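These notes are about the structure you will find just below.
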Amino acid sequence: MKKYVTVIFEIILIIIMLIVITIKDVIPDVRSQYGSSDRILNPNKCVNMIEFKVDDNIDFAILIDKNSKIYHILFFENDSYVLYNRNIENNSLDIGLEKIIKILISNDFLKNNSLIYVIKYEDDYYIDFVNSLKKSLNNYGIDNSFTELRGEYSIKARELNIDYNLSKSDILLEMDTFSKDLKDSSSSNILNKNNYKTYSEKVYKKLELYVSHNNIINMDKNDAKISISMINLDDNKNIYPSSNSWYYVKDGRVYSYIEFVQINKRYGFCYNGSINDFYEGECDIK
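For what it's worth, the numbering used here labels the leading residue of the sequence shown as 1, then goes sequentially.
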């Protein structure tokens with residue numbers, strides 16, 4: 001009987017060990033086949049981290065595995081989530097960076113005059129990364145010059161306000177937690193430039209409708225009866241244009257600067273008498 005109990009105990013122990021191993025190693029490997037940004041990070045698979053910054057909006061890092069593939073992505077800024085779950089992971093550097101550049105361009109986060117910073121944390125596959133990045137930038141007609149810097153895990157950890165006295169593996173795990181927490185806390189509140197462009201169009205259409213219904217031909221911006229900053233665009237998020245926004249009417253056409261402020265960033269759009277005649281930034285002439 002005693003021997004029987006011992007055998008049962010050993011079987012249970014083996015099952016528990018198998019479950020632990022599955023959670024720790026097998027699940028991340030299976031999920032990695034699908035290019036998921038939700039995967040459970042295994043820091044032992046990372047041989048290098050390369051951070052990528054564009055202007056003041058984009059800041060993320062790719063983790064490269066021993067097969068020179070993009071194993072994982074860490075997000076350090078909200079706008080970088082345009083790369084979230086876009087099947088970038090588990091691709092070669094050539095394919096993965098091509099996808100990254102295309103997505104950033106299509107979301108208006110990467111232009112020919114953008115300031116690009118590449119920060120390497122280790123040397124493994126860095127030359128391959130640089131060659132692939134230059135190739136991708138050339139393919140989309142973007143200037144392939146960028147500033148190269150050397151990073152340290154502890155310094156980046158301190159920048160993110162996480163414990164910088166940990167080992168490299170533990171710092172990566174903390175960075176992954178930061179990345180996922182950032183997504184959870186911002187996904188319902190943080191919007192990117194394209195979101196605000198859409199909201200600015202809604203504001204402009206409301207102004208056009210108001211002008212049309214009231215047969216307004218000319219109106220000075222100081223005489224405007226509707227305050228743009230009082231126009232709510234989303235009941236759930238309470239999104240309003242900033243007080244810097246304005247409009248006036250000339251010959252029945254609406255001219256307007258519509259601006260949104262999100263934390264420390266401003267998104268402004270200038271409309272020159274038509275919803276199709278616009279550009280990003282403040283109007284040259286008010």
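The beta carbon of each residue, even a glycine, is placed where N, CA and C say it ideally should be.
Source: prediction; values computed, not measured.
Rounded to the nearest whole angstrom, the C-alpha separation of tyrosine 164 and glycine 151 is 13 Å. When secondary structure is reduced to three states using DSSP, aspartate 79 falls in the helix class.
Contact between tyrosine 126 and asparagine 48 holds: their C-beta atoms lie close to 7 Å from each other, under 8 Å. Residue environment analysis places aspartate 56 among the exposed positions, since fewer than 16 neighbouring C-beta atoms fall within 10 angstroms of its C-beta. When Val261, Tyr121, Ile100 and Leu207 are compared, the shortest CA-CA separation from valine 54 is found for Ile100. Here the alpha carbons of valine 118 and aspartate 65 stand approximately 18 Å from one another. Judged by DSSP secondary structure, phenylalanine 60 falls within the beta strand (DSSP E) whose first and last residues are 58-64.
Between the stretch 84-98 and the stretch 201-217, the count of Cβ pairs shorter than 8 Å is below three; the stretches do not touch. Under the rule that a run must span 3 or more residues, the beta strand (DSSP E) segments found entirely inside the stretch 127-187 read 147-150. Between the alpha carbons of glutamate 174 and isoleucine 162 lies a distance of about 7 Å. Distance check between asparagine 244 and each of Asn218, Glu259 and Asn272 places Glu259 closest, using alpha-carbon atoms only. Contact annotation, leucine 74 with cysteine 46: C-beta distance approximately 10 Å; criterion of less than 8 Å not satisfied.
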